[in-house]
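FYI, the numbering for the sequence shown is 79 to 813, going by this note's numbering.
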Amino acid sequence: MSETHPLNLYRNIGIIAHIDAGKTTTTERILYYTGRSHKIGEVHEGLATMDWMEQEQERGITITSAATTCFWNGHRINLIDTPGHVDFTIEVERSLRVLDGAVAVFDSVAGIEPQSETVWRQANKYKVPRICFVNKMDRLGADFFRCVHMIQERLGSKPIVVQLPIGKEGAFMGIIDLVALKAIYWHIESLGATFSICDISHWLSSDALERTDEFLKEIQDQIVKDGGNFDALRLHIKNTLTLELIRSVQTYRGALLEAVVEQDDGILEKFLEGKALTEQDIKRCLRKGSLAFSFVPVLCGSAFKNKGVQTLLDAILDYLPSPLDIPDVEGVIPDTETVVYRKPDFGAPLSGLAFKIATDPFVGSLTYFRVYSGKLETGMTLLNTIKGKKERIGRMLLMHANSREDIKEARAGDIVALAGLKETTTGDTLCAINDPIILERMEFPDSVISVAVEPKTKSDQEKMGLALSKLASEDPSLRFSSDQETGQTLIAGMGELHLEIIVDRMKREFKVDATVGAPQVAYRETISKTYEIDYTHKKQTGGAGQFARVKIIFSPLEPGAGFVFENKIIGGAIPKEYIPSVEKGINNARQTGVSFGFPTVDFKATLIDGSYHDVDSNTLTFEIAGRAAFREAAAKAGPKVLEPVMKVDVVTPETYMGDVMGDLNSRRGQVQGMEDQGNAKTISAQVPLSELFGYVNTLRSMSQGRATYSMEFSHYALVPEAMCVKIKKKEWKGG
């Protein structure tokens, strides 16, 4: 490898946030200041290094998680920039699964937005320590303290302010470092690469409020000494050096010390004795509390204006974990329930997780791989314990967005890309052949929306099959299937934008010309009452016959439970080798439902009795019996239709609030609450997905383009009886 570092000098981190909070802009500045790139790529110009896909550059959004490696103050940072749009939340999920820490970026104007809450929950799920970066402090309406309050109120975490902004909006000058007691002013002329650091420890003195002129002179002298253009900043610096700022420094420095000393008995004793705490004392306690989830350090800046990024990099090193700080990775030995742990040690048996598959136009299939233990070398043969197959490591690459560097070795803590693996898919474990382990797998959400696609020519038909197979291997939230009745191919995903990108990629990357139908909702069916059936499958022709009898109780389950099968056969009424066939028959039959043809969910099938014939019974006969029993019973168990309901958040000027709420009500929406957001209002509602197609155009029209919205899947709910008449299988498939 180009540079090898001890594990305590590694940081595997992700940048997570709501769309447009400034994740990619922050990442671009990190790459610039660490020397990884020599020019700042701007998202709005379509030139961001990490947004390398054509669709990302055109739309100004991140669609895939891009990985890179950079170096800062002797540390190696493996960095993943993740999408913020809810349709691509799977990218965030699988990135957080393999990361040790995260930087949560918030828009200082919008505050904590819906997708901010989603990614925060995902980080909680995988126990990822994080720090917060309140970005865009230069924007009109920026409010750092409101963001801090929302971190506590909406995210349920305890924010610890470690930096304060100097000014805001157009007068945002720099930051106060409450740990080191320094004021940092960035020099505009150097694109933020240079800055002045002024000691402010005397701001804590009892007479500080009478000494602002003295403080201003000190700042001026320091900026001039450092070669900065003080004259260009004079008025702003004078206007931002207020009594309010000095009081805030005193207040938040005190709050910081009171919070962190709780992390260390020795430091607490020192604090209570009135002894001064060193900068290292405070940093050590902050790190300890951050890794223990006691609190989250909060920083601020403006990535676009090149302010606050170097101090963010310092905080990544100071407060986020190395691979040595996280618990040893847990797994089980294949074919047993024995739990084993692997230490992040170069000398331990090799183990790691494939967390992403991507197609590179020059290299082919790439498998992104986190090495948890041991050492990986090209030429090695590993075991895929999920598939039970061996994989040989040919090329190994260090990725920088979509460019690559060949390497020969990777060690515990590294994130690399492996070229040409044949059997491995997202979530698979690769490990040493003689020390097998299965690491915890990833969970992927069900799709909520689908479209029908029809290739225009036979050539397109062949290319589309290959394209969808490759795209589905990259994206576990993408599903596709063929409709036997219409001959159409249905592709299903997480939202309209998700499917739009998939169709666009088919055309651009695989040259597939296809007709795309209107988006369709992924309805489900369920049962509303318990029904017991005694079903016999019997067929007698010449030669061997067919016989299988099953007695099954079908009962409804709570929403989200899926399908549960339980075997309660006693005394061998059905041989145990036939039991899985009954479950298979039910599972296959439920995929096409009963009344409408939608998959049936949230029910339990309990097999309680049955009988068999020594000659005429086999696995196939019991599969047929299970399938037929389900169809007959489900039709009599009060079948109902379920529809996906979305959590919708609309941000609108108050002028249009009445129109927006009226429109949501007309879409069968249920308003859950409202709150102020600067000069606007945020309306939260639950709305059926079927009522939201084209909503963006309606919202723009009624608000003159000033309102915005975001949505994410909430739950499945019963469709009103009056609506069921309209929901026919033929209509659902676009026929």
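Even glycine gets a Cβ: it sits at the ideal position worked out from N, Cα and C.
Is the beta carbon of Asn532 less than 7 Å from the beta carbon of Thr437? Looking at the sequence shown, residue 532 is not Asn but Glu. Not in contact: Glu532 and Thr437 (Cβ atoms no closer than 7 Å).
Candidates Gln764, Gly751, Arg745: which alpha carbon is nearest Gly772's? Looking at the Cα atoms, Arg745 is the closest of the given residues.
Could you give the DSSP three-state label for Thr697: helix, strand or coil? If DSSP states are grouped into helix, strand and coil, Thr697 belongs with the helices.
I'd like to know whether the C-beta atoms of Lys662 and Glu701 end up nearer to each other than 7 Å. In this structure, the beta-carbon distance from Lys662 to Glu701 falls below 7 Å.
Environment of His122 [buried if 16+ CB atoms lie within 10 Å]: With a pLDDT of 42 at His122, under the threshold of 50, the predicted position of this residue should be treated as unreliable, and no value is reported.
Can you confirm whether the segment 658-677 touches the segment 704-717 when touching is taken to mean that 3 or more C-beta pairs between the two stretches lie within less than 8 Å? Contact holds: three or more Cβ-Cβ distances are below 8 Å.
For His793, which residues does DSSP report across the bridge? Within the DSSP bridge table, the entry for His793 names Val723 as partners.
Answer with buried or exposed for Lys434, where buried requires no fewer than 16 other C-beta atoms within 10 angstroms of its C-beta. So Lys434 ends up on the buried side.
Threshold first: 3 residues or longer. Then list the beta strand (DSSP E) segments lying entirely within the segment 246-270, N to C. Listed in chain order, they are 252-255, 260-264.
So, with DSSP's three-state summary, where would you put Gln241? In the structure shown, Gln241 adopts extended strand secondary structure according to DSSP, grouped into three states.
Do you know how far the Cα of Val197 is from the Cα of Asp343? Cα-Cα distance, rounded: 34 Å.
Endpoints, the alpha helix (DSSP H) within which Asp24 is located: In the structure as shown, the chain begins at 79 and stops at 813. Residue 24 is therefore absent and cannot be evaluated.
Verify the CB distance criterion: does Ser537 have a CB-CB separation below 7 Å to chain D? In summary, chain D is missing from the structure at hand, where a single protein chain is found.
With 16 other CB atoms within 10 Å as the buried threshold, where does Leu377 fall? With 16 or more other Cβ atoms within 10 Å, it is buried.
Taking Tyr111 and Leu242 to be in contact with their CB atoms under 8 Å, please state how far apart those CB atoms are, rounded to whole angstroms. A Cβ-Cβ distance of about 22 Å is found for the pair Tyr111 and Leu242, leaving them out of contact under the 8 Å criterion.
Going by DSSP, which residues form a beta bridge with Ser71? Residue 71 cannot be examined here, being either before or after the span of the chain that is shown, 79 to 813.
Do the segment 209-217 and the segment 177-192 meet, that is, are 3 or more Cβ pairs less than 8 Å apart? Contact between the segment 209-217 and the segment 177-192 is present, with at least three C-beta pairs closer than 8 Å.
Does DSSP put Arg89 in a helix, a strand or coil? The answer is strand: DSSP assigns Arg89 an E or B state.
Please name the residue in Gly491, Lys353, Gly571, Asp538 whose C-alpha comes closest to that of Ala550. Checking every option, the nearest Cα to that of Ala550 belongs to Gly571.
Given that a residue counts as buried once 16 or more other Cβ atoms are within 10 Å of its Cβ, and exposed if not, what is Leu821? This structure does not reach residue 821, given that the chain is present from 79 up to 813, and the question cannot be answered.
Give a yes or no on whether the C-beta atoms belonging to Gly409 and Ile515 are separated by under 7 Å. Closer than 7 Å, so yes.
Quick one: is the Cβ of Gly92 within less than 6 Å of any heavy atom of the ligand HEM? Within the structure as shown, the ligand HEM is missing, as the structure has no ligands at all.
Phe382 versus Met801, Arg107, Ala715, residue with shortest Cα-Cα distance: For the options Met801, Arg107, Ala715, the alpha carbon positioned closest to that of Phe382 is the one of Arg107.
According to the Cβ coordinates, are Gly688 and Val642 closer than 7 Å? The answer is no: Cβ separation not under 7 Å.
Can you name, in chain order, every residue of its own chain whose Cβ lies under 8 Å from the Cβ of Ile91, other than the five neighbours on each side? So the qualifying residues of the chain are Ile155, Asn156, Leu157, Ile158, Leu177, Asp178, Gly179, Ala180, Val181, Ile394, Leu398.
Can you give the beta carbon distance from Val817 to Val257, rounded, assuming they're within the 8 Å contact cut? This structure leaves residue 817 out entirely; the chain is present only between 79 and 813.
Taking Ile394 as part of the alpha helix (DSSP H), name the residues at either end of that continuous run. Here the alpha helix (DSSP H) through Ile394 covers 387-397.
Among Thr463, Glu753, Ala220, which has the Cα closest to the Cα of Thr503? Measuring from the Cα of Thr503, the nearest candidate turns out to be Thr463.
Would Asn512 be called buried (16 or more neighbouring beta carbons within 10 Å of its own) or exposed? With fewer than 16 other Cβ atoms from the protein chains shown falling within 10 Å of its own Cβ, Asn512 counts as exposed.
State the CB to CB distance for the pair Ala712 and Phe632, rounded to an integer number of angstroms; the pair is presumed to be in contact (CB under 8 Å). About 7 Å; that satisfies the 8 Å criterion.
Could you please give me the residues that DSSP links to Asn645 through a beta bridge? The partner list for Asn645 (beta bridge, DSSP) reads Leu685.
Please work out which residues of its chain come closer than 8 Å, Cβ to Cβ, to Val407, disregarding the five sequence neighbours upstream and downstream, and give them in chain order. Only residues of its own chain outside the window of five on either side were considered, and among them Tyr419, Arg420, Pro422, Ser429, Tyr450, Ser451, Leu517 have a CB closer than 8 Å to the CB of Val407, listed in chain order.
Considering only the beta carbon of each residue, do Thr608 and Val679 sit closer than 7 Å? No, these two residues do not count as a Cβ contact at 7 Å.
Range of the contiguous alpha helix (DSSP H) that encloses Asn666: Asn666 -> alpha helix (DSSP H) spans 657-668.
Between the Cα of Lys804 and the Cα atoms of Thr456, Gln624, Val599, Phe149, which residue gives the shortest distance? That would be Val599, whose Cα lies nearest to the Cα of Lys804.
I'd like to know if the segment 474-494 and the segment 520-535 are in contact, where contact means that at least 3 CB-CB pairs between them fall below 8 Å. As far as the Cβ criterion goes, the segment 474-494 does not touch the segment 520-535, which means the pair count is below three.
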